[in-house]
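In my numbering, the protein residues as written are 1 to 355.
Just so it is clear, CB atoms sit at the ideal spot from N, CA and C, and this is done for glycine as well.
Heads up, the thing below is written out as structure tokens.
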Ligand SMILES: Cc1cc2nc3c(=O)[nH]c(=O)nc-3n(C[C@H](O)[C@H](O)[C@H](O)COP(=O)(O)O)c2cc1C
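Structural data, given as structure tokens:
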């Protein structure tokens with residue numbers, strides 16, 4: 001019997017050889033924030049996926065909050081990414097870059113000189129983060145963005161989208177999930193603004209919508225997806241009473257822009273609260289583009305959810321870390337290798353390209 005997960009799919013102008021998506025995963029191997037040969041090898045080995053979505057990649061120096069994450073705004077970064085996209089394409093894969101601006105989830109010790117830690121409001125993220133020079137450090141209080149800072153940041157997303165396509169990416173995914181910059185505007189725990197960028201649902205979705213519009217003007221909406229995490233509680237975000245209304249309104253706006261896909265995070269497999277199944281079904285029914293499922297998937301559940309029309313594609317995260325040939329293994333029924341989480345974010349090839 002044909003398993004739906006392994007059937008081809010259309011994504012905008014792309015033909016995907018199967019419905020397996022490699023989920024975006026920060027791996028912190030980009031020394032100096034520039035993609036390197038090791039990363040080229042890592043992604044090329046995983047080109048069996050119908051679509052690869054890269055690790056979170058910053059559109060701006062201001063968005064490089066974590067140690068050793070890549071950017072896609074300088075010449076050196078784009079040259080590095082060109083080698084990655086060439087490698088994946090030569091191996092028969094397709095690849096989108098995830099644009100992740102870390103916003104307040106940041107530390108100056110991780111950032112280039114002169115970069116600023118921006119957020120909608122001057123509210124520090126809870127807890128601490130890793131820095132290579134000083135170990136664990138508390139998150140600093142970010143600078144609340146002025147209207148000019150917001151306009152600049154939106155323009156940076158659009159410029160990065162353009163550079164990404166020039167570097168050979170098939171498209172971009174806007175990271176509007178998990179408490180990073182775009183989600184910091186969406187969420188009431190992080191957005192305490194009283195101007196047109198905060199308060200009402202309409203105002204809180206404005207940044208996400210403007211980033212999507214500016215990026216679409218740069219590269220076309222048919223090359224842009226968005227990752228969202230309704231009911232997420234990561235990086236100090238929290239559900240509120242307007243959660244369903246906010247995401248329904250956002251999806252309506254993304255429909256009118258003509259966005260290619262939404263990619264819905266559900267981290268209940270990682271101990272986070274479950275995402276309301278009613279809201280997921282509502283978003284599935286109302287969004288006109290494709291829908292990527294994610295979070296704790298295995299072969300059986302992936303096929304079941306595709307067959308029940310809950311989504312069009314299924315993202316696998318952790319299984320891809322330790323099984324570069326994941327698609328082949330799933331097809332052959334080969335047992336999967338378990339990932340070693342001690343090497344998720346450590347520099348070098350150990351736990352990265354040696355599985
Ligand atoms: C090491 C690691 C890094 C991750 N980095 C990102 C990221 O950069 N962007 C993102 O949207 N999600 C990120 N995630 C979340 C994954 O995309 C995915 O949603 C999560 O692992 C659940 O899927 P899984 O059960 O298939 O692993 C990361 C997850 C892991 C394990």
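Among the options, nearest to residue i - alpha-carbon criterion
i: residue 328; options: 338, 299 and 114; result: 299
i: residue 196; options: 134, 265 and 150; result: 150
i: residue 289; options: 8, 59, 254 and 199; result: 254
i: residue 14; options: 34, 286 and 52; result: 52
i: residue 91; options: 112, 48 and 70; result: 48
i: residue 122; options: 265, 323, 354 and 188; result: 188
i: residue 177; options: 202, 322 and 208; result: 208
i: residue 229; options: 193, 175, 118 and 282; result: 175
i: residue 63; options: 236, 160, 259 and 248; result: 160
i: residue 390; options: 301, 112 and 294; result: Because the chain is modelled from 1 through 355, residue 390 falls outside the range shown and cannot be assessed.
i: residue 12; options: 67, 259, 83 and 25; result: 259
i: residue 355; options: 319, 331 and 147; result: 319
i: residue 272; options: 282, 233, 2 and 248; result: 233
i: residue 103; options: 330, 118, 111 and 113; result: 118
i: residue 171; options: 6, 135 and 226; result: 226
Separation of residue j from residue i, as counted between CA atoms
i: residue 312; j: residue 291; result: 5 Å
i: residue 109; j: residue 306; result: 43 Å
i: residue 4; j: residue 340; result: 30 Å
i: residue 55; j: residue 98; result: 6 Å
i: residue 325; j: residue 241; result: 42 Å
i: residue 246; j: residue 185; result: 12 Å
i: residue 224; j: residue 180; result: 18 Å
i: residue 139; j: residue 116; result: 13 Å
i: residue 72; j: residue 162; result: 10 Å
i: residue 130; j: residue 337; result: 27 Å
i: residue 194; j: residue 94; result: 42 Å
i: residue 152; j: residue 351; result: 37 Å
i: residue 28; j: residue 221; result: 29 Å
i: residue 201; j: residue 264; result: 19 Å
i: residue 96; j: residue 126; result: 30 Å
i: residue 89; j: residue 45; result: 11 Å
i: residue 78; j: residue 85; result: 10 Å
i: residue 31; j: residue 302; result: 35 Å
Sequence-distant residues of the same chain with beta carbon closer than 6 Å to residue i, five excluded per side
i: residue 158; result: 214, 215 and 218
i: residue 133; result: 109
i: residue 296; result: 269
i: residue 238; result: 189
i: residue 156; result: 59 and 60
Own chain, CB closer than 8 Å to residue i, minus 5 neighbours either side, in chain order
i: residue 287; result: 251, 254, 255 and 262
i: residue 206; result: 185, 196 and 197
Contact set for residue i: own chain, Cβ-Cβ below 7 Å, skip 5 residues either direction
i: residue 80; result: 34, 35 and 36
i: residue 191; result: 120, 121, 184, 185, 198 and 204
i: residue 82; result: 167 and 168
(message) Assess contact between the stretch 31 to 49 and the stretch 337 to 346, defined as three or more Cβ pairs (one per stretch) separated by less than 8 Å. Is contact present?
(response) no
(message) Assess contact between the stretch 211 to 221 and the stretch 269 to 283, defined as three or more Cβ pairs (one per stretch) separated by less than 8 Å. Is contact present?
(response) no
(message) Assess contact between the stretch 10 to 23 and the stretch 314 to 333, defined as three or more Cβ pairs (one per stretch) separated by less than 8 Å. Is contact present?
(response) yes
(message) Whether or not the stretch 162 to 175 and the stretch 131 to 146 are in contact is what I'm after, with contact meaning three or more pairs of Cβ atoms, one per stretch, closer than 8 Å; do they touch?
(response) no
(request) Quick one: which unbroken alpha helix (DSSP H) runs of 4-plus residues sit fully inside the stretch 304 to 354? Chain order, please. (result) 318 to 322 and 326 to 332
(request) Give, in chain order, every unbroken run of the beta strand (DSSP E) that is at least 3 residues long and sits entirely within the stretch 189 to 259. (result) 224 to 228
(request) Enumerate, from N- to C-terminal direction, the unbroken beta strand (DSSP E) stretches of 3 or more residues contained entirely within the stretch 9 to 68. (result) 9 to 11, 14 to 16, 20 to 22 and 51 to 57
(request) Report the residue ranges of all beta strand (DSSP E) runs contained in full by the stretch 119 to 191; include only those spanning at least 3 residues, in chain order. (result) 128 to 131, 135 to 138 and 171 to 176
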